[in-house]
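With the working numbering applied, the sequence shown covers 1044 to 1114.
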Amino acid sequence: MYVCICNGYRESEIEQTARASGLNCPVAVYQVLGSGPCCGTCLPMAQDIINNASNVSKTLRDLEPLPLAAE
Ligand code: FES
């Protein structure tokens, strides 16, 4: 799904870039993708996507490794 019509950024690109870069600001994520926002209409949705991506990453990072079965 396209989130940013001005730049043609899709939800998956924004999510993957946020996860890979660790950035949590849509403007910074857009700059990594190649250009900044134009009209800004997409920024609230992009922020939600980034927040969800960072919550998932944080949750996965915070998981303790499962103990191995006793041999
Ligand atoms: S829709 Fe993203 S800057 Fe306009």
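Every residue gets a Cβ at the ideal spot worked out from N, C-alpha and C, and that includes glycine.
Status (buried if at least 16 other CB within 10 Å, exposed otherwise) for Pro1108: exposed
Proximity to Ala1070 [Cα-Cα], best of Ala1063, Ala1096, Cys1085, Ile1048: Here the sequence assigns Val to residue 1070, which means Ala is not the residue at that position. The shortest Cα separation from Val1070 among Ala1063, Ala1096, Cys1085, Ile1048 belongs to Cys1085.
Boundaries (first-last residue) of the beta strand (DSSP E) holding Cys1081: Taken as a continuous stretch (DSSP letters only), Cys1081 belongs to no beta strand (DSSP E), as it is neither H nor E.
Alpha-carbon to alpha-carbon, Pro1080 and Asn1095: 20 Å
Inter-residue CB distance, Thr1060 and Val1072 (contact presumed, cutoff 8 Å): 5 Å
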